[in-house]
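This report refers to the structure that appears directly beneath it.
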Amino acid sequence: MGFDTMRSYQKFLLNSMPPSPPEVNDPDNLTRQDSCLFNDTPRQTLAITISPPPGESSLTENISSGQQRTVARRHKPHVLSTVPSFQSTKSKWSPPTSPGATSPRTSVAMARSDSSSSAASANELSSDLYMAACLGDIANMQIALDEGASINSSVLVPGVFEGFKPAKSGHLSALAGAASHGNLATVQHLVANGAEINPCSQRCASSPLHQAIRSNNTAIVRFLLEHGADINLENAYRATPVMYACKYSGLELLKLLLQYKPDLAKRSFIGGSAIHWSIWPGKVDMTELLLKAGADPCERMPDGNGPLHCAIVAGSARMVKTLLKFGANPYSRNEAYETPLQLAQAQCGNDSQIVAMLKTVIAIHARRQ
1 MGFDTMRSYQ
11 KFLLNSMPPS
21 PPEVNDPDNL
31 TRQDSCLFND
41 TPRQTLAITI
51 SPPPGESSLT
61 ENISSGQQRT
71 VARRHKPHVL
81 STVPSFQSTK
91 SKWSPPTSPG
101 ATSPRTSVAM
111 ARSDSSSSAA
121 SANELSSDLY
131 MAACLGDIAN
141 MQIALDEGAS
151 INSSVLVPGV
161 FEGFKPAKSG
171 HLSALAGAAS
181 HGNLATVQHL
191 VANGAEINPC
201 SQRCASSPLH
211 QAIRSNNTAI
221 VRFLLEHGAD
231 INLENAYRAT
241 PVMYACKYSG
251 LELLKLLLQY
261 KPDLAKRSFI
271 GGSAIHWSIW
281 PGKVDMTELL
291 LKAGADPCER
301 MPDGNGPLHC
311 AIVAGSARMV
321 KTLLKFGANP
331 YSRNEAYETP
341 LQLAQAQCGN
351 DSQIVAMLKT
361 VIAIHARRQ
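Structure representation (structure tokens):
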């Protein structure tokens, strides 16, 4: 490159520089242009030195004071100095959160979704545990427990209370389910792992003891009683184990229950005690056993009907005879103001065996007076 060419290049550089901005005395008012600060106050004189070709003298030209240009680069502002480099930022970059993702409404919806999912999962595990307990499948029952099923969880089961028409559903625990199906080994396994023997009726409509009695399984009933089952525990309809025994079981199981001194005066939700529960199905031997254990032969229900009234409605002459033998009152009246004799005459006819027995007893009472 020749000397003239370098000279022309020097002028091109000088002419291409922007004009000086107006004088500004306050350094804070400096204008930023491409990271350079321009001011009239000289800080660094721009000098262009052109190295000549070999054999020629060097040329250095200073810009005259009128054209003198000071280029000063100050440090970056504090805000910019804290900004990380592009590469480091890029390596840690992630997409921004979508609008509304953390809004209260969205958070509540997500919480409800998680809660519903958890509830559904818990219900499925409870159902798996209950089904395995009913089938006596201890292996699958243990799998459900290992996966998080609560050993005291309950499942809604249809037909638990078939005394209603139609039968009513009720919640049963896994232990109650195992007792219902006569699975003694399963019952023992659940009790050993902490299953509750006396659950609250609001959580378990019928206790394991009730269900074992309903299935007439003496072995399970004995096991539960030996491990602390409450002989007076009421189910959702306030029926006691003894009442269930009078309805569903046999004499031997009732004898077992009576060894634990149950309260025979307790009443179910319809107001009947254990003796009424034994009279309705006509189980005379059970009624006699209850009377020997201290049941009241004159105990009346809320509608005024006593054991004699119930026996007459059931049409059992043998039951009437047993009750009269243990001191049932032939003069008691119900809400309709009916005596047992009047009810028997209306129900069975004046020539029936029941009416004849009642007249005989009344006559004996009259002679004694």
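Residue numbers (UniProt numbering): 1 to 369. We put the beta carbon where it would ideally sit given N, CA and C, even for glycine. These numbers were taken from a predicted model, which means no experiment stands behind them.
Residue from the options whose Cα sits closest to the Cα of residue i
i, options, result
"ASN152", "ASP137, SER127, GLU162, ALA167", "SER127"
"GLY306", "GLY349, ASN329, THR322", "ASN329"
"VAL320", "GLY294, MET301, ASN334, TRP280", "TRP280"
"ALA176", "ALA212, ALA144, GLN188", "ALA212"
"ILE275", "TYR244, ILE364, CYS204", "TYR244"
"LEU308", "LYS292, GLN259, GLU338", "GLU338"
"ILE364", "GLY327, ASN350, ASP351, ALA139", "GLY327"
"GLN188", "LYS165, VAL313, ALA133", "ALA133"
"GLU162", "TYR237, ALA265, HIS227", "TYR237"
"ASP325", "ALA336, LEU291, CYS310", "Checking the displayed sequence, the identity of residue 325 turns out to be Lys instead of Asp. Cα-wise, what sits closest to LYS325 is LEU291."
"VAL160", "LEU125, GLN202, SER206", "SER206"
"CYS204", "HIS227, ASN193, ASN235", "ASN235"
"TYR260", "LYS165, ASN334, GLY271, HIS227", "HIS227"
"ARG333", "GLN347, GLU124, LYS247, MET301", "MET301"
"ALA265", "LYS247, GLU299, LEU256", "GLU299"
Beta carbon of residue i nearer than 9 Å to that of residue j
i, j, result
"LEU254", "LEU225", "no"
"ASN183", "LEU135", "yes"
"ALA358", "LEU341", "Note that residue 358 corresponds to Leu in the displayed sequence, not to Ala. Going by C-beta atoms, LEU358 is nearer than 9 Å to LEU341."
"LEU209", "VAL221", "yes"
"SER273", "ASP303", "no"
"ALA229", "ASN198", "yes"
"LEU258", "ALA293", "yes"
"ILE231", "ALA185", "no"
Residues near residue i by beta carbon distance below 6 Å, same chain, minus five either side
i, result
"ASP285", "LEU251"
"SER316", "GLY282"
"PHE223", "none"
"SER249", "ILE213, ASN216"
"GLY195", "Checking the sequence shown, residue 195 turns out to be Ala, not Gly. Excluding sequence neighbours, ALA195 sits near ILE151, LEU175."
"HIS181", "CYS134"
"MET131", "none"
"GLY271", "MET301, PRO302"
"PHE164", "none"
7 Å CB neighbourhood of residue i in its chain, flanking five on each side removed
i, result
"LEU156", "SER169, HIS171"
"ALA239", "SER268"
"LEU129", "MET141, ALA144, LEU145, ALA149, SER153, ALA174"
"residue 382", "Given that the chain is displayed from residue 1 to residue 369, the structure contains no residue 382 and the question cannot be resolved."
"THR287", "ILE275, SER278, ILE279, MET319, THR322"
"TYR331", "THR339"
"SER352", "ALA344"
"ARG368", "none"
"ALA311", "ILE279, MET319, VAL320, LEU323"
"SER201", "GLU234, ASN235, ALA236"
"GLU335", "ASP303, GLY304"
"LEU125", "ALA144, GLU147, GLY148, ALA149"
"LYS247", "TRP277, PRO281"
"LEU256", "THR218, VAL221, ARG222"
Cβ-based neighbour list, residue i, same chain, cut-off 8 Å, excluding 5 preceding and 5 following
i, result
"ASN350", "none"
"ALA122", "GLY148, ALA149, SER150, SER153"
"ALA109", "Note that ALA109 has pLDDT 42, beneath the 50 cutoff, so the model's placement of it is unreliable and the number below is only indicative. Closer than 8 Å at the Cβ level, and outside the excluded window around ALA109, lies no residue."
"ALA179", "VAL187, PRO208, LEU209, GLN211, ALA212, SER215, ASN217, ILE220, LEU224"
"PRO262", "ILE231, ASN232, THR240, PRO241, VAL242, ALA274"
"PRO158", "ALA167, SER169"
"CYS348", "ILE312, GLY315, ILE354, VAL355"
"VAL361", "LEU324, PRO330"
"ASN193", "LEU145, ILE151"
Contact with chain D by residue i, beta-carbon distance below 9 Å
i, result
"LEU289", "Note that chain D does not occur in the displayed structure, where there is just one protein chain."
Continuous beta strand (DSSP E) assignments of at least 3 residues falling wholly in the stretch 116-203
154-161, 168-173
Note down, one range per segment and in chain order, each alpha helix (DSSP H) of at least 4 residues found wholly within the stretch 336-362.
340-348
Minimum length 4: unbroken alpha helix (DSSP H) runs contained in the stretch 233-261
241-248, 251-258
Whole runs of the alpha helix (DSSP H) within the UniProt repeat "ANK" (204-236), excluding any shorter than 4 residues:
208-214, 218-226
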